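Structure first, then comments.
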Amino acid sequence: MGSVTSEPRVSRRIAAIAESATLAVDAKAKALKAAGEPVIGFGAGEPDFPTPAHIVEAAIVACRDPANHHYSPTAGLPELRSAIAAKTARDSGYACEAAQVLVTNGGKHAVYNTFQTLLDSGDEVLLPAPYWTTYPEAIALGGGVPVELATTDASGFRVTVDQLEAARTPNTKALLFVSPSNPTGAVYPPAEVEAIGRWAVEHGIWVVTDEIYEHLTFGEHRFTSMPTLVPELADTCVVLNGVAKTYAMTGWRVGWMIGPRDVIAAATNLQSQSTSNVANVSQRATLAAVTGDLAAVGEMRHAFERRGKAMHRMLSGIPGVVCLEPQGAFYCFPNFEALLDREWGNRKVTTSAELAEVLLDEVKVAIVPGEAFGAPGYARLSFALGDDDLGEGVGRIADFLS
Ligand SMILES: Cc1ncc(COP(=O)(O)O)c(C=O)c1O
Numbered sequence: 003m004g005s006v007t008s009e010p011r012v013s014r015r016i017a018a019i020a021e022s023a024t025l026a027v028d029a030k031a032k033a034l035k036a037a038g039e040p041v042i043g044f045g046a047g048e049p050d051f052p053t054p055a056h057i058v059e060a061a062i063v064a065c066r067d068p069a070n071h072h073y074s075p076t077a078g079l080p081e082l083r084s085a086i087a088a089k090t091a092r093d094s095g096y097a098c099e100a101a102q103v104l105v106t107n108g109g110k111h112a113v114y115n116t117f118q119t120l121l122d123s124g125d126e127v128l129l130p131a132p133y134w135t136t137y138p139e140a141i142a143l144g145g146g147v148p149v150e151l152a153t154t155d156a157s158g159f160r161v162t163v164d165q166l167e168a169a170r171t172p173n174t175k176a177l178l179f180v181s182p183s184n185p186t187g188a189v190y191p192p193a194e195v196e197a198i199g200r201w202a203v204e205h206g207i208w209v210v211t212d213e214i215y216e217h218l219t220f221g222e223h224r225f226t227s228m229p230t231l232v233p234e235l236a237d238t239c240v241v242l243n244g245v246a247k248t249y250a251m252t253g254w255r256v257g258w259m260i261g262p263r264d265v266i267a268a269a270t271n272l273q274s275q276s277t278s279n280v281a282n283v284s285q286r287a288t289l290a291a292v293t294g295d296l297a298a299v300g301e302m303r304h305a306f307e308r309r310g311k312a313m314h315r316m317l318s319g320i321p322g323v324v325c326l327e328p329q330g331a332f333y334c335f336p337n338f339e340a341l342l343d344r345e346w347g348n349r350k351v352t353t354s355a356e357l358a359e360v361l362l363d364e365v366k367v368a369i370v371p372g373e374a375f376g377a378p379g380y381a382r383l384s385f386a387l388g389d390d391d392l393g394e395g396v397g398r399i400a401d402f403l404s
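Each residue of the sequence shown is one higher than the one before, counting from 3 in this note's numbering.
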């Protein structure tokens, strides 16, 4: 008989990691669907489109070439690193060299590598909330302390320089910046991006700027890159990006970080001792993606814009729900506070997490509660799903809550 022991079986560092709430909601919805339940999932942050054909073809060709069957340089195929530098200059106007690019296993891996590389124990990272669930975990895994800065729908979910300044301490090492934002769909106007960049330069604070939704902006809203607007930031800035959202390539697992040469060299050492090179076939597919034109991206963007408008209109029609019209990415982030502390489905519902549970149980619709993003009272709904499912799913929520 084994002895009973209270010794933890995994390290405290890893035990402290929370499961990704967005992936958990998605997995639960998919499992219920597989079991025959008519579930509609608004959880996953991934385009429903297939990867464009010319990218898939490049991967097929790459599979047949034995050169791709073996290890390749940790930091990425040299031609891909150059192509990413060229694509960055083309799309955001930020001039960098191939040596400043590290190709990673998805954007999430770029986030992880960046905080492992930049942070020492106790370093504070300013993190505007609502935030993407991965950021605080990756900061903590790097030994850092996430310092949350609350924003609300009333301020358009945008942090201000005054807020940043009020939170700055001698331990502030970096700011995490993302626009267009997951989960809020907010896009910062150029003047605000520039003001934040100038504040960071003035105080020697690093900026980690996640540009993964750069091509997904709607209406008059436009993406602008902070180090392009504030070139003095280049030496204390890491740009994160990847192909997942732009080219419907979530499953291919390719992202990258762009930073000063010494940071990229250090991060490459980390990657050489952990995951090594990204799968060559995926890198070849990415080469086709970033060197190709943006026609397919334009079509997907158009569809997302249409769906975002439809979802926003339907959500805003529910009495008590406040929803900002998405400006970019593919999420609505409605405020359900006015519907809490009431009975729904014969259950007392006091939090957005409970509301999400009731919606899944009662009308078979999966949404991600705001708690996962540091924003209780809200919820995230992805509109990267087909028009029919979108209409049916939001319709079920509206019928239930009206
Ligand atoms: C803001 C943001 N950054 C990075 C990523 C990472 O994407 P991936 O790891 O699939 O490339 C995501 C995915 O949801 C995201 O929303």
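Note that the Cβ used here is the ideal one computed from N, Cα and C, for glycine as well.
All figures in this text were calculated on a predicted structure; none of them were measured in a lab.
{"query": "Excluding the 5 residues preceding and the 5 following Gly-139 in the sequence, name in chain order all residues of the same chain whose CB lies nearer than 6 Å to its CB.", "result": "It should be noted that the sequence gives Glu, not Gly, for residue 139. Same-chain partners within the cutoff: Ile-19."}
{"query": "Report yes if the C-beta of Ile-214 is less than 7 Å from at least one heavy atom of ligand 1; otherwise report no.", "result": "yes"}
{"query": "Output yes or no for whether 8 Å exceeds the beta carbon distance between Val-189 and Gln-329.", "result": "yes"}
{"query": "Please state if the CB of Thr-90 and the CB of Cys-98 are separated by a distance shorter than 8 Å.", "result": "yes"}
{"query": "In this structure, does DSSP put Gly-330 in helix, strand or coil?", "result": "strand"}
{"query": "Could you check whether the Cβ of Ala-246 sits closer than 7 Å to any heavy atom belonging to ligand 1?", "result": "yes"}
{"query": "Just to check, is the beta-carbon of Val-27 closer than 7 Å to a non-hydrogen atom of ligand 1?", "result": "no"}
{"query": "Which of helix, strand or coil does DSSP assign to Pro-10?", "result": "coil"}
{"query": "Applying the 10 Å Cβ sphere with the 16-neighbour rule, what's the burial state of Tyr-73?", "result": "exposed"}
{"query": "With DSSP as the reference, label Gly-261 as helix, strand or coil.", "result": "coil"}
{"query": "Return yes when the Cβ of Leu-120 is within less than 8 Å of the Cβ of Trp-208, no when it is not.", "result": "yes"}
{"query": "Compare the Cα-Cα distances from Ala-377 to each of Val-113, Phe-225, Phe-117 and Leu-129 and report the closest residue.", "result": "Leu-129"}
{"query": "Since Ala-69 contacts Ser-84 with CB under 8 Å, what's their CB separation in whole angstroms?", "result": "Not a contact, Cβ separation roughly 17 Å."}
{"query": "Could you give the uninterrupted runs of the beta strand (DSSP E) lying entirely in the stretch 158-190, keeping only those of 3 residues or more?", "result": "174-180"}
{"query": "Taking C-alpha atoms, which residue in Asp-237, Glu-222, Ala-250 and Leu-242 lies nearest to Ile-214?", "result": "Leu-242"}
{"query": "Can you tell me which of the three DSSP states Tyr-96 falls into?", "result": "coil"}
{"query": "Output the distance between the C-alpha atoms of Val-232 and Leu-357, rounded to the nearest integer angstrom.", "result": "42 Å"}
{"query": "I'd like the list of long-range same chain contacts for Thr-135, defined as Cβ closer than 7 Å, with 5 residues on each side in sequence excluded.", "result": "Ser-22, Ala-23, Thr-24, Ala-374 and Phe-375"}
{"query": "To the nearest angstrom, how far is the alpha carbon of Ala-176 from that of Tyr-249?", "result": "29 Å"}
{"query": "Report all residues from its chain with a CB closer than 6 Å to the CB of Ser-123; omit the five preceding and five following residues, and keep chain order.", "result": "Gly-145"}
{"query": "Please state the DSSP three-state secondary structure of Gly-4.", "result": "At Gly-4, the pLDDT of 47 sits below 50, so the modelled position is not reliable; the number obtained from the coordinates is stated separately. Note: Gly-4 maps to coil in three-state DSSP."}
{"query": "What are the start and end residues of each continuous alpha helix (DSSP H) run of 4 or more residues lying completely inside the stretch 273-350, in chain order?", "result": "282-293 and 297-318"}
{"query": "CB-CB under 7 Å to Glu-194, same chain, minus the five flanking residues each way: which ones, in chain order?", "result": "Arg-160"}
{"query": "Using DSSP's beta-bridge definition, name the partner residues of Ser-384.", "result": "Tyr-333"}
{"query": "Apart from the five residues just before and just after Met-251, which ones in its own chain have a Cβ nearer than 6 Å to its Cβ?", "result": "Thr-53 and Val-245"}
{"query": "Tell me which residue opens and which closes the beta strand (DSSP E) that Asn-243 is part of.", "result": "239-244"}
{"query": "What is the rounded straight-line gap between the Cα of Gly-4 and the Cα of Ala-152?", "result": "Residue placement at Gly-4 cannot be trusted, given a pLDDT of 47 that sits under 50; the coordinates are not used to answer."}
{"query": "Looking at Ile-42: is its Cβ nearer than 8 Å to the Cβ of Lys-311?", "result": "no"}
{"query": "Between the alpha carbons of Ile-369 and Lys-35, how many angstroms are there, rounded?", "result": "15 Å"}
{"query": "Inspect the beta-carbon positions of Leu-166 and Ala-331 and report whether they are closer than 8 Å.", "result": "no"}
{"query": "Could you name the residues of the same chain whose beta carbon sits closer than 6 Å to that of Leu-387, not counting the 5 residues immediately before and after it, in chain order?", "result": "Asp-50"}
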